[in-house]
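With the numbering used here as the guide, the letters of the sequence shown map in order to residues 165 to 539.
Everything on this sheet refers to the single structure shown next.
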Amino acid sequence: MHWRSLPGDLVEDILSRVSAISLARLRETSKQWNAIVKSGRFAKMHTANAPTEESLIITLIDHKVCLVKINLHAPSVKVATHKLYLKDPLSDSSEEVHIRNVFHCDGLLLCTTKDKRLVVWNPCSGETKWVKPRDRDTYKKTDYYALGYDNKSSCKQYKILRMDRQDLPLSNVYEIYDFTSNAWRVLGVASDWFLAKYRRGVSSKGNTYWVATQAAEKPHHDFILSFDFSTEMFQSLSLPHLFPYGTSALSVVKEEQLCLLGADLDIFFWDEGTELSGLQVWVITSTGSWSKSQAVYNTRRYPSSKGMSFLADEQNKVVVFLNSNNMLHVMRQNKHILAKHLGGNSSLLLNYVPSLAQIQEATLPGGRKRKAPST
């Protein structure tokens, strides 16, 4: 029996039990399946019926989002040939968007482009929303962006945080884009902290976290800066007590648990009677305190960098980090088991949990959807 002869409800039920990342490929083979995957009703069915999604790894290579597969049994790294495809709506051909940076939240990717545009993209459903700047403002290379949601609402209400960063004089103008109104709102100006250009934010349970530097008093010191999308306010969290590392970065496990990495500029191990951890991972506990998770010692030097990204797997005792020159290192149980250059120089490494999360649209009185301004 051909699938076209099956009742529509049965087709939807079958597809709702397929993983989101597999649907990303299947929807390209059929216009009917593509329409089904993009519907809000199907997204709810998929949430109820689909298997638990496996956390994947994504990176940027030549301004394209790529999946990375790491084999720990026979240590190897493979960049998937099937890239996550984002077509440029300004192109008459099938030209792809050139992406500068990516932020992940809840299966959605917030992307900045080389030509200074901003788009929210679900690679699994193919849904996109291009977001224009406020009034006559323009996006800048030095801006910081984050995607989050109101986790106190009965349904997730996504928002974008933009920080217009200025060093001299120190000024961080921050504003919110609300998907329910298709509009930006200026929230305020912060001048008591700054974010170095290599600091990457991460999303956990709808909120965003960075390693920031306190600027109000000297000597300056680092701390964890967070933004709560429910209250639309910044909060602060201290680093672990006695944090001796010159390099620090944040990561999350399945968007649930915040992880902090501390590393020396050269990761090494002294075997002359005293062990020094060149790389230490902490995780945040339910009480908001830090707990040491993994320490990695090495008998050789492996250069880290201030722009590094990392991922931690507590179950397999694995730490993966990517330097600013895009050299990927895999360490397991205190052993360096793999090094591979991924190409390009993005240093971006993210845990990506596929989903069919819907990008909201603003509504008019009567429940009609308001169209976003055209790109």
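Each residue gets a CB set at the ideal place from its N, CA and C atoms; glycine is no exception.
These figures come from a predicted structure and were not determined experimentally.
- request: Name, in chain order, the residues that DSSP records as bridge partners for GLN444.
  value: Paired residue(s): GLY426 and ALA459.
- request: Measure the C-alpha to C-alpha separation of HIS237 and VAL482 and round it to an integer number of angstroms.
  value: Each residue's alpha carbon lies about 12 Å from the other.
- prompt: Which class does THR372 belong to by DSSP, given the choice of helix, strand or coil?
  reply: Strand at THR372.
- prompt: Based on the DSSP output, what are the partners of GLY352 in its beta bridges?
  reply: According to DSSP, GLY352 bridges with TYR338.
- request: With ILE221 as the anchor, note down where its beta strand (DSSP E) starts and where it stops.
  value: First-last of the beta strand (DSSP E) with ILE221: 220–225.
- request: Please determine if the segment 308–324 and the segment 333–352 are in contact, where contact requires at least 3 C-beta pairs separated by less than 8 Å.
  value: Contact between the segment 308–324 and the segment 333–352 is present: three or more C-beta pairs spanning the two stretches fall below 8 Å.
message: Using the Cβ count rule (16 or more neighbours within 10 Å means buried), how would you classify THR223?
response: In the assembly as shown, THR223 is a buried residue. Its beta-carbon has 16 or more other beta-carbons within 10 Å.
- prompt: Hey, quick one: how far does the alpha helix (DSSP H) through GLN196 stretch, first residue to last?
  reply: Counting along the chain, the unbroken alpha helix (DSSP H) around GLN196 starts and ends at 195–202.
message: Tell me whether the segment 396–403 and the segment 381–388 touch, counting them as touching only if at least three CB pairs, one residue from each stretch, are closer than 8 Å.
response: As far as the Cβ criterion goes, the segment 396–403 touches the segment 381–388, which means the pair count is three or higher.
query: Under a three-way DSSP split, which group does ALA360 fall into?
result: Collapsing the DSSP output to three states places ALA360 in coil.
- request: Determine the closest residue to SER335 out of ARG496, TRP197, LEU248 and TRP357, with distance taken between C-alpha atoms.
  value: SER335 has its Cα closest to that of TRP357, out of ARG496, TRP197, LEU248 and TRP357.
message: By the DSSP assignment, the beta strand (DSSP E) with VAL266 in it spans what residues?
response: If you look at VAL266, you'll find it in the beta strand (DSSP E) that goes 263–269.
field: Distance between SER453 and ASP331 (C-alpha atoms, nearest Å)
entry: One C-alpha to the other measures close to 31 Å.
- prompt: For VAL201 versus LEU179, is the C-beta spacing smaller than 9 Å?
  reply: In this structure, VAL201 places its C-beta atom within 9 Å of the C-beta atom of LEU179.
query: Run through DSSP, which three-state label would ASP173 get?
result: It is helical.
query: Anyone know if the C-beta pair for ILE221 and LEU502 falls short of 9 Å?
result: In terms of Cβ geometry, ILE221 and LEU502 do not form a close pair [threshold 9 Å].
- request: Return the first residue and the last residue of the alpha helix (DSSP H) that LEU187 is part of.
  value: Element bounds for LEU187: 184–190.
query: With distances taken from CA atoms, which of LEU514, GLY507, VAL517 and TYR516 is nearest HIS227?
result: Of LEU514, GLY507, VAL517 and TYR516, the smallest CA-CA separation from HIS227 is found for GLY507.
message: Using C-beta distances below 6 Å, list every residue in its chain close to LYS316, excluding the 5 sequence neighbours before and after it, in chain order.
response: Only SER394 meet the Cβ criterion.
message: For the ligand ADP, is there any heavy atom lying closer than 8 Å to the beta carbon of LYS361?
response: The ligand ADP is not part of the structure shown, which contains no ligands of any sort.
query: Should SER118 go down as buried or exposed, given a rule of 16 or more other Cβ atoms within 10 Å for buried?
result: Coverage of the chain is limited to positions 165 through 539, which leaves residue 118 absent and any answer about it impossible.
query: In three-state DSSP terms, what is PHE206?
result: Looking at PHE206 - three-state DSSP - the assignment turns out to be helix.
field: Environment of ARG349 [buried if 16+ CB atoms lie within 10 Å]
entry: Answer is exposed; the Cβ neighbour count stays below 16.
- prompt: Just checking my contact of VAL266 with VAL229 at CB under 8 Å: how many whole Å lie between their CB atoms?
  reply: Approximately 6 Å separates the beta-carbon atoms of VAL266 and VAL229; this is inside 8 Å, confirming the contact.
task: Determine the contact status of ARG326 and TYR313, defining contact as a CB-CB distance below 9 Å.
output: Not closer than 9 Å, so no.
query: What three-state label does DSSP hand ASN498 in the structure shown?
result: ASN498: coil per DSSP, three-state reduction.
message: In whole angstroms, give me the CA-to-CA distance for ARG189 and PRO287.
response: In this structure, the CA atom of ARG189 is about 10 Å from the CA atom of PRO287.
Beta-carbon contacts of PHE485 that lie in its chain and below 6 Å, excluding the five residues immediately before and after: MET472, PHE474 and HIS493.
- request: Check the DSSP bridge columns for PHE398 and list the partner residues they point to.
  value: In DSSP, PHE398 forms a bridge with PHE391.
task: Would you please state the rounded distance, in angstroms, between the beta carbons of VAL517 and SER289? I believe it to be under 8 Å.
output: Your pair VAL517 and SER289 does not check out as a contact, with CB atoms roughly 14 Å apart and the cut at 8 Å.
query: What residue range is occupied by the uninterrupted beta strand (DSSP E) comprising TYR309?
result: Looking at the DSSP string, the run of the beta strand (DSSP E) that includes TYR309 is 308–313.
- prompt: Can you name, in chain order, every residue of its own chain whose Cβ lies under 7 Å from the Cβ of ASN490, other than the five neighbours on each side?
  reply: Cβ contact annotation for ASN490 (same chain, cutoff 7 Å, sequence separation greater than five): HIS505, LEU506, GLY507, GLY508, ASN509, SER510 and SER511, in chain order.
- request: On the DSSP bridge assignment, give the partners of PHE474 in chain order.
  value: Partner residues in the beta bridge of PHE474, as assigned by DSSP, are PHE485.
Cβ neighbours of GLN444 in the same chain (closer than 6 Å, five flanking residues each side left out): For GLN444, where only same-chain residues beyond five positions count, the Cβ hits under 6 Å are GLY426 and ALA459.
query: How long is the line joining the alpha carbons of ASP279 and VAL261, rounded to whole angstroms?
result: The straight-line gap from Cα to Cα measures roughly 9 Å.
Separation of CYS423 from PHE432, as counted between CA atoms: Residue confidence is low: PHE432 scores 47 on pLDDT, short of 50, so the model does not pin down where it sits. No coordinate-derived value is stated.
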